[in-house]
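Colleague: Residue numbers (the numbering used here): 1438 to 1936. Virtual Cβ for every residue (Gly too), placed ideally from N, Cα, C.
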RNA sequence: GCAGCCGUAGCUCAGUAGGUUAGAGCGCCUGAUUGUGGAUCAGGAGGUCCCCCGUUCGAGCCGGGGCGGCUGUACCA
């Protein structure tokens, strides 16, 4: 007795790596997605939505030995014990969709899709466990004209979002060329050991921007120890091999044709490498025909784009400007990427279906636009608030709100339980342009009072004395009840004109 | 995963060799200023001092373990 009952109170907190998005950001992101969609539509892509969950084996992340899906994907078991996983990108579900509906689809099949994807990884600044991608893919097109088109479209998207030419660049490379360079450098072999080394080399190249050439050389050789003392095992290439790889990664430049020529030298007589170089030449030709110079789409052999399924051209959208933020400078780097994956549908169908796609990292691009000041800001005016002065006249207030809405004005009746002062504070916090007041006095006179909150806020800056504040006209007018809509419209017109 | 730093109110933090009912600013809520946002004034809510174990008469403070956060690194379809 006397002791307080312990009641269980769950802690109100969002799971780590996830986030809530407030109104202004929801609107800004929607506006951004609409811009991208316009560009994708213009290129002829059709929308598609697929489910958030897929069978884990369809995502290709099922671990046969462990008898459960990969750690990196959020998974759960269905009633029938089958594993379901949240999609970790939009490409694997596309492959499943195409395979499932193959016969009925036009080939090539061109679709765009946006939505959240989930990855169960360690979150960090700008890295979340749920984030949004916006993809466009062409499935069933063997020609690299499809790849060239995606690069041009990506550039168009960035410009449509207000990123000026020169502040971004699409960087393009080709897996076949990379393979050719490996072959020519004598990095050959078979089986798992070769695969592992191959991966190690690509991972190393991928870190070029962060670790610099010296760091990458270490990773290509014996290995590298970082500041914390952690050691990363290297690829154990010979010095000569390292030189060749480094020469390749440094072979980029302002002239696409010149880059192709250098690529040609570095692949030697590797058939696969030469095939890749020919693809790059064709892409260059198409880009040039489209008027896309190297300032927009450049060839850069240091682009590797992850590891997994890419089989030909790979590309990355990079923002090249730096932004000043609270904690110093910030580089945005890659905001999207893609490439050719000729094997993905084959997993389901057994037949090769050539495909290529591009994916925009919406959340990162959003952050970049925010820093650039290029977000499309609030276009929705906050609602007009009708105060509830008398609780037995609610029907009257509701009628006012409906009249305003019928006239196309966002409006709401105050639904809280507080007094007049709190109601005006509420309206202020909502950013309402004005409030409508009908108390005892107004009703007796057959009027309503319209109080202009924006004009009032300006006055508040000038007034320090309380009595003056209270006695001032408060930027409000009274009009006959029948003139409600007209008077509110006048206030709104003043503000939209003042913008 | 590995390493380093950190963990007191919604936020930013204070907390005195271990010593009573743990504080400040801001924010939030209520009220006053004769039915009105700001200013001012008065009041109020909100804390398992991250958790557990230990040392001690006594732990926010000391020791051990755990959890969480930040930073770097690894992985990242």
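What span of residues does the alpha helix (DSSP H) with residue 1926 cover, start to end?
Modeller: Locating residue 1926 in the first chain gives position 489, counting from the first residue. Note, residue 1926: alpha helix (DSSP H), 1921-1935.
Colleague: Straight-line CA distance for residue 1717 to residue 1496?
Modeller: On the first chain, residue 1717 is found 280 positions in, with the first residue counted as 1. On the first chain, residue 1496 is found 59 positions in, with the first residue counted as 1. Cα to Cα, residue 1717 sits roughly 30 Å from residue 1496.
Colleague: Checking the sheet assignment: what are the DSSP bridge partners for residue 1917?
Modeller: Reading the first chain from its first residue, position 480 is the one you call residue 1917. DSSP lists 1884 as partners of residue 1917.
Colleague: Ignore the nearest five residues each way along the sequence and tell me which others in residue 1706's own chain have a CB closer than 8 Å to its CB.
Modeller: On the first chain, position 269 is the one that residue 1706 refers to. The answer, listed in chain order, is 1621.
Colleague: Starting from residue 1725, follow the alpha helix (DSSP H) in both directions and report where the run begins and ends.
Modeller: Along the first chain, read from residue 1 onward, the residue named residue 1725 stands at position 288. It spans 1708-1726 - the alpha helix (DSSP H) in which residue 1725 sits, taken as one unbroken run.
Colleague: Between the alpha carbons of residue 1669 and residue 1775, how many angstroms are there, rounded?
Modeller: Taking the first chain and counting its residues from 1, the one referred to as residue 1669 is at position 232. Taking the first chain and counting its residues from 1, the one referred to as residue 1775 is at position 338. Their backbone Cα atoms lie some 27 Å apart in a straight line.
Colleague: Would you call the CB atoms of residue 1756 and residue 1741 closer than 7 Å?
Modeller: As a first step, residue 1756 must be located in the first chain, where it is residue number 319. As a first step, residue 1741 must be located in the first chain, where it is residue number 304. Cβ distance not < 7 Å, so residue 1756 and residue 1741 don't count as in contact.
Colleague: Alpha carbon to alpha carbon, what distance is there between residue 1929 and residue 1517?
Modeller: The residue given as residue 1517 occupies position 80 in the first chain. The residue given as residue 1929 occupies position 492 in the first chain. Rounded to the nearest angstrom, the two C-alpha atoms are 59 Å apart.
Colleague: When DSSP labels each residue in this structure, what does residue 1519 get in the three-state scheme?
Modeller: Taking the first residue of the first chain as position 1, residue 1519 is located at position 82. Residue 1519: coil per DSSP, three-state reduction.
Colleague: Going by CA-CA distance only, name the one from 1769, 1475, 1787, 1461 that's closest to residue 1604.
Modeller: Your numbering for residue 1604 matches position 167 in the first chain. With distances taken between Cα atoms, residue 1604 lies closest to 1769.
Colleague: Please classify residue 1513 as buried or exposed, where buried requires at least 16 other C-beta atoms within 10 Å of its C-beta.
Modeller: Your numbering for residue 1513 matches position 76 in the first chain. Exposed, since its Cβ has fewer than 16 Cβ neighbours within 10 Å.
Colleague: Which complete beta strand (DSSP E) runs does the stretch 1733-1783 hold, if anything under 3 residues is left out?
Modeller: Taking only runs of at least 3 residues, the beta strand (DSSP E) segments lying wholly in the stretch 1733-1783 are 1734-1736, 1750-1762, 1765-1777.
Colleague: Apart from the five residues just before and just after residue 1686, which ones in its own chain have a Cβ nearer than 7 Å to its Cβ?
Modeller: The count along the first chain starts at 1 and reaches residue 1686 at position 249. Closer than 7 Å at Cβ, skipping near neighbours: 1642, 1645, 1738, 1739.
Colleague: Give me the Cα-Cα distance between residue 1693 and residue 1753, rounded to the nearest whole angstrom.
Modeller: The residue given as residue 1693 occupies position 256 in the first chain. The residue given as residue 1753 occupies position 316 in the first chain. So the alpha carbons of these two residues sit roughly 16 Å apart.
Colleague: Determine which residues share a DSSP beta bridge with residue 1611 and list them.
Modeller: In the first chain, the residue the question calls residue 1611 occupies position 174. Note: residue 1611 sits in a beta bridge opposite 1750.
Colleague: Near residue 1872, which residues of its chain fall below 8 Å by C-beta distance, leaving aside the five closest residues on each side in sequence?
Modeller: If you number the first chain from 1, residue 1872 lands on position 435. Cβ within range, chain order: 1821, 1822, 1823, 1824, 1860, 1861, 1864, 1887, 1888, 1890.
Colleague: If we call anything under 7 Å between Cβ atoms a contact, is residue 1736 one with residue 1609?
Modeller: Indexing the first chain from 1 puts residue 1736 at position 299. Indexing the first chain from 1 puts residue 1609 at position 172. Contact: yes.
Colleague: Where does residue 1828 land, buried or exposed, given buried means 16+ other C-beta within 10 angstroms?
Modeller: Taking the first residue of the first chain as position 1, residue 1828 is located at position 391. Exposed.
Colleague: Unbroken beta strand (DSSP E) runs of length 3 or more, entirely within the stretch 1567-1635: which are they?
Modeller: For the stretch 1567-1635, whole beta strand (DSSP E) runs of length 3 or above, ordered along the chain, are 1567-1576, 1605-1611.
Colleague: According to DSSP, is residue 1837 part of a helix, a strand, or is it coil?
Modeller: Within the first chain, the letter at position 400 stands for residue 1837. Helix at residue 1837.
Colleague: To test your reading of the DSSP string, which unbroken alpha helix (DSSP H) runs of 4 or more residues are found completely within the stretch 1640-1674?
Modeller: Fully enclosed alpha helix (DSSP H) runs of 4 or longer: 1645-1657.
Colleague: Checking the sheet assignment: what are the DSSP bridge partners for residue 1871?
Modeller: As a first step, residue 1871 must be located in the first chain, where it is residue number 434. For residue 1871, which the question treats as bridged, DSSP gives the partners 1889.
Colleague: Compute the Euclidean distance between the alpha carbons of residue 1671 and residue 1777, then round it to the nearest angstrom.
Modeller: The residue given as residue 1671 occupies position 234 in the first chain. The residue given as residue 1777 occupies position 340 in the first chain. Going by the C-alpha atoms only, they are around 28 Å apart.
Colleague: Out of 1531, 1837, 1852, which has the shortest C-alpha to C-alpha gap to residue 1845?
Modeller: Taking the first residue of the first chain as position 1, residue 1845 is located at position 408. Among 1531, 1837, 1852, the Cα nearest to that of residue 1845 is on 1837.
Colleague: Can you check DSSP and say which residues form a bridge with residue 1548?
Modeller: By 1-based counting over the first chain, the position of residue 1548 is 111. DSSP lists 1483, 1574 as partners of residue 1548.
Colleague: Do you know how far the Cα of residue 1743 is from the Cα of residue 1593?
Modeller: Translated into positions along the first chain, residue 1593 becomes position 156. Translated into positions along the first chain, residue 1743 becomes position 306. Taking the straight line joining both Cα atoms gives about 24 Å.
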